[in-house]
Amino acid sequence: MLGFGAYLLWGFLPLYFLLLTPATPTEIIAHRVVWSLVLCVAVLALTRSLGTLRTVLRSRRTLVTLSGAGVLLTTNWLVYVHAVLSGHTVDAALGYYINPLVTVVIAVVLLGERLRRAQWVALSLGAAAVLVISLGAGGLPWIALVLAATFGTYGLLKNRTGRTVGALTGLTVETAAVAPLAVGYLGWLAAQGR
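For my numbering, count along the sequence shown from 1 and bump the result up by 33.
In C-alpha coordinates form, the structure reads like this:
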(Lines of atoms letter the chains of each structure in order from A; the text may use other names.)
(Lines give C-alpha, C1' and ligand atoms only; values in the text may rest on other atoms or scores of the structure.)
Protein backbone atom coordinates (compact mmCIF):
# COMPACT_ATOMS: atom_id res chain seq x y z
CA MET A 34 0.00 0.00 0.00
CA LEU A 35 2.86 2.39 0.75
CA GLY A 36 4.42 1.74 -2.65
CA PHE A 37 1.08 2.23 -4.38
CA GLY A 38 0.54 5.49 -2.49
CA ALA A 39 4.01 6.75 -3.39
CA TYR A 40 3.54 6.00 -7.09
CA LEU A 41 0.07 7.56 -7.04
CA LEU A 42 1.46 10.77 -5.54
CA TRP A 43 4.37 10.69 -8.02
CA GLY A 44 1.83 10.41 -10.84
CA PHE A 45 0.02 13.55 -9.71
CA LEU A 46 3.23 15.54 -9.15
CA PRO A 47 3.38 16.93 -12.72
CA LEU A 48 -0.01 18.57 -12.18
CA TYR A 49 1.33 20.25 -9.04
CA PHE A 50 4.43 21.56 -10.81
CA LEU A 51 2.25 23.19 -13.45
CA LEU A 52 0.45 25.11 -10.69
CA LEU A 53 3.76 26.61 -9.56
CA THR A 54 4.39 28.62 -12.73
CA PRO A 55 5.90 31.18 -13.20
CA ALA A 56 8.46 29.56 -10.86
CA THR A 57 11.32 28.03 -12.83
CA PRO A 58 12.48 24.43 -12.38
CA THR A 59 15.59 25.71 -10.59
CA GLU A 60 13.50 27.70 -8.11
CA ILE A 61 11.18 24.75 -7.48
CA ILE A 62 14.10 22.41 -6.83
CA ALA A 63 15.89 24.97 -4.65
CA HIS A 64 12.79 25.14 -2.45
CA ARG A 65 12.51 21.35 -2.48
CA VAL A 66 16.09 21.04 -1.27
CA VAL A 67 15.74 23.64 1.50
CA TRP A 68 12.40 22.39 2.82
CA SER A 69 13.44 18.74 2.52
CA LEU A 70 16.48 19.50 4.66
CA VAL A 71 14.34 21.30 7.26
CA LEU A 72 11.92 18.36 7.38
CA CYS A 73 14.67 15.73 7.56
CA VAL A 74 16.47 17.50 10.42
CA ALA A 75 13.16 18.00 12.26
CA VAL A 76 12.26 14.31 11.97
CA LEU A 77 15.76 13.28 13.08
CA ALA A 78 15.42 15.61 16.07
CA LEU A 79 11.92 14.38 16.96
CA THR A 80 13.05 10.76 16.79
CA ARG A 81 16.22 11.58 18.73
CA SER A 82 18.35 10.33 15.86
CA LEU A 83 20.59 13.34 15.27
CA GLY A 84 23.51 11.25 16.50
CA THR A 85 23.37 9.26 13.28
CA LEU A 86 24.52 12.39 11.46
CA ARG A 87 27.66 12.56 13.60
CA THR A 88 28.54 9.00 12.57
CA VAL A 89 28.28 9.91 8.88
CA LEU A 90 30.23 13.14 9.34
CA ARG A 91 33.14 11.17 10.86
CA SER A 92 33.55 9.07 7.72
CA ARG A 93 34.99 11.13 4.89
CA ARG A 94 34.29 8.38 2.36
CA THR A 95 30.61 8.07 3.34
CA LEU A 96 30.24 11.85 3.38
CA VAL A 97 31.73 12.19 -0.12
CA THR A 98 29.61 9.30 -1.44
CA LEU A 99 26.39 10.76 -0.03
CA SER A 100 27.30 14.24 -1.29
CA GLY A 101 27.76 12.80 -4.78
CA ALA A 102 24.41 11.05 -4.41
CA GLY A 103 22.87 14.39 -3.43
CA VAL A 104 24.21 16.05 -6.58
CA LEU A 105 22.87 13.21 -8.74
CA LEU A 106 19.46 13.25 -7.06
CA THR A 107 19.19 17.03 -7.39
CA THR A 108 20.16 16.83 -11.06
CA ASN A 109 17.53 14.13 -11.54
CA TRP A 110 14.86 16.27 -9.87
CA LEU A 111 15.86 19.34 -11.87
CA VAL A 112 15.71 17.53 -15.21
CA TYR A 113 12.38 15.93 -14.24
CA VAL A 114 10.76 19.26 -13.32
CA HIS A 115 12.22 20.87 -16.44
CA ALA A 116 10.72 18.06 -18.54
CA VAL A 117 7.29 18.51 -16.99
CA LEU A 118 7.24 22.29 -17.28
CA SER A 119 8.51 22.24 -20.87
CA GLY A 120 5.91 19.74 -22.08
CA HIS A 121 8.17 16.67 -22.12
CA THR A 122 6.38 14.57 -19.51
CA VAL A 123 6.40 11.51 -21.78
CA ASP A 124 10.20 11.79 -22.09
CA ALA A 125 10.42 11.91 -18.30
CA ALA A 126 8.22 8.82 -18.02
CA LEU A 127 10.47 7.05 -20.53
CA GLY A 128 13.45 7.89 -18.34
CA TYR A 129 11.93 6.11 -15.38
CA TYR A 130 11.04 3.20 -17.67
CA ILE A 131 14.67 3.00 -18.81
CA ASN A 132 15.98 3.29 -15.24
CA PRO A 133 15.59 -0.42 -14.32
CA LEU A 134 17.52 -1.32 -17.49
CA VAL A 135 20.33 1.03 -16.46
CA THR A 136 20.28 -0.42 -12.95
CA VAL A 137 20.65 -3.96 -14.32
CA VAL A 138 23.53 -2.90 -16.59
CA ILE A 139 25.26 -1.25 -13.62
CA ALA A 140 24.74 -4.38 -11.53
CA VAL A 141 26.18 -6.65 -14.22
CA VAL A 142 29.07 -4.44 -15.34
CA LEU A 143 30.16 -2.82 -12.08
CA LEU A 144 28.94 -5.19 -9.38
CA GLY A 145 29.59 -8.45 -11.20
CA GLU A 146 26.07 -9.83 -10.94
CA ARG A 147 25.09 -12.63 -13.27
CA LEU A 148 21.80 -12.87 -15.14
CA ARG A 149 19.93 -16.03 -16.02
CA ARG A 150 18.79 -16.58 -19.60
CA ALA A 151 15.21 -15.43 -18.86
CA GLN A 152 16.57 -12.24 -17.32
CA TRP A 153 18.66 -11.54 -20.43
CA VAL A 154 15.53 -12.05 -22.54
CA ALA A 155 13.58 -9.64 -20.34
CA LEU A 156 16.39 -7.07 -20.50
CA SER A 157 16.53 -7.40 -24.29
CA LEU A 158 12.76 -6.94 -24.62
CA GLY A 159 12.90 -3.84 -22.42
CA ALA A 160 15.78 -2.41 -24.45
CA ALA A 161 13.91 -3.12 -27.69
CA ALA A 162 10.85 -1.33 -26.33
CA VAL A 163 12.97 1.70 -25.44
CA LEU A 164 14.47 1.70 -28.93
CA VAL A 165 11.03 1.54 -30.58
CA ILE A 166 9.67 4.34 -28.38
CA SER A 167 12.78 6.47 -29.02
CA LEU A 168 12.54 6.00 -32.78
CA GLY A 169 8.85 6.86 -32.63
CA ALA A 170 9.68 10.04 -30.75
CA GLY A 171 11.94 11.04 -33.61
CA GLY A 172 15.21 11.65 -31.87
CA LEU A 173 17.57 10.94 -29.03
CA PRO A 174 15.52 11.13 -25.82
CA TRP A 175 18.15 13.09 -23.88
CA ILE A 176 15.77 13.83 -20.99
CA ALA A 177 14.99 10.15 -20.56
CA LEU A 178 18.66 9.17 -20.77
CA VAL A 179 19.76 11.79 -18.23
CA LEU A 180 16.99 10.76 -15.82
CA ALA A 181 17.85 7.07 -16.14
CA ALA A 182 21.61 7.65 -15.84
CA THR A 183 21.41 9.97 -12.83
CA PHE A 184 18.93 7.80 -10.94
CA GLY A 185 20.76 4.57 -11.81
CA THR A 186 24.07 6.01 -10.64
CA TYR A 187 22.35 7.41 -7.55
CA GLY A 188 21.16 3.88 -6.79
CA LEU A 189 24.74 2.59 -7.11
CA LEU A 190 26.03 5.20 -4.64
CA LYS A 191 23.20 4.42 -2.23
CA ASN A 192 24.11 0.73 -2.54
CA ARG A 193 27.56 1.65 -1.24
CA THR A 194 26.18 3.34 1.90
CA GLY A 195 22.80 1.69 2.41
CA ARG A 196 24.08 -1.02 4.75
CA THR A 197 25.58 1.49 7.17
CA VAL A 198 23.48 4.65 6.78
CA GLY A 199 19.72 4.76 7.30
CA ALA A 200 17.46 6.22 4.63
CA LEU A 201 16.54 9.38 6.56
CA THR A 202 20.11 10.09 7.63
CA GLY A 203 21.32 9.52 4.08
CA LEU A 204 18.69 11.83 2.61
CA THR A 205 19.58 14.47 5.21
CA VAL A 206 23.26 14.40 4.24
CA GLU A 207 22.47 14.31 0.51
CA THR A 208 20.20 17.31 0.86
CA ALA A 209 22.61 19.19 3.11
CA ALA A 210 25.34 18.77 0.48
CA VAL A 211 23.38 20.78 -2.10
CA ALA A 212 21.56 23.09 0.33
CA PRO A 213 24.19 25.89 0.17
CA LEU A 214 23.61 26.20 -3.59
CA ALA A 215 19.84 26.17 -3.10
CA VAL A 216 19.94 28.79 -0.35
CA GLY A 217 22.32 30.93 -2.40
CA TYR A 218 20.05 30.75 -5.44
CA LEU A 219 16.92 31.59 -3.44
CA GLY A 220 18.81 34.46 -1.78
CA TRP A 221 19.84 35.75 -5.19
CA LEU A 222 16.20 35.58 -6.37
CA ALA A 223 15.08 37.47 -3.29
CA ALA A 224 17.76 40.14 -3.80
CA GLN A 225 16.55 40.56 -7.40
CA GLY A 226 12.97 40.93 -6.17
CA ARG A 227 11.93 37.77 -7.98
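Don't be surprised by glycine CBs; every beta carbon is placed ideally from N, CA and C.
Only a predicted model underlies this, so the values are computations on that prediction, with no experimental measurement involved.
Two segments are said to touch when three or more pairs of C-beta atoms, one from each, lie closer than 8 Å; by this definition the region 213 to 220 touches the region 53 to 68.
Counting the other Cβ atoms within 10 Å of the Cβ of residue 165 gives fewer than 16, which makes it exposed. Under the three-state reduction of DSSP, residue 160 is assigned to helix. The three-state secondary structure of residue 196, taken from DSSP, is coil.
Residue environment: residue 157 is assigned as exposed (fewer than 16 neighbouring CB atoms within 10 Å of its CB, all protein chains considered). Closest in alpha carbon position to residue 94, among 224, 211, 193 and 219, is 193. If you draw a 10 Å sphere on the C-beta of residue 76, you find fewer than 16 other C-beta atoms in it, and that means exposed. Where residue 172 is concerned, there is no enclosing alpha helix (DSSP H), because DSSP gives it neither an H nor an E. Residue 37 is classed as exposed because its beta carbon has fewer than 16 other beta carbons within 10 Å across all chains shown.
Excluding residues up to 5 positions away in sequence, 47 and 50 lie with their Cβ nearer than 6 Å to the Cβ of residue 117 in the same chain. The criterion of a C-beta distance shorter than 8 Å is satisfied by residue 103 and residue 208.
For the region 59 to 125, the full-length alpha helix (DSSP H) segments reaching 4 residues or more read 84 to 91 and 93 to 118 along the chain. Apart from the 5 residues on each side of it in sequence, residue 113 sits with its Cβ closer than 7 Å to the Cβ of 125 and 180 in its chain, given in chain order.
Excluding five sequence positions before and after residue 129, the CB atoms of its chain that fall closer than 7 Å to its own CB belong to 180, given in chain order.
Annotation for residue 38: the continuous alpha helix (DSSP H) segment containing it runs 35 to 52. From the listed residues 96, 78 and 110, the smallest Cα separation to residue 43 is found for 110. The C-beta of residue 154 has fewer than 16 other C-beta atoms within 10 Å across all chains shown, which makes the residue exposed. The region 159 to 178 and the region 129 to 143 touch, with no fewer than 3 CB-CB distances between them shorter than 8 Å.
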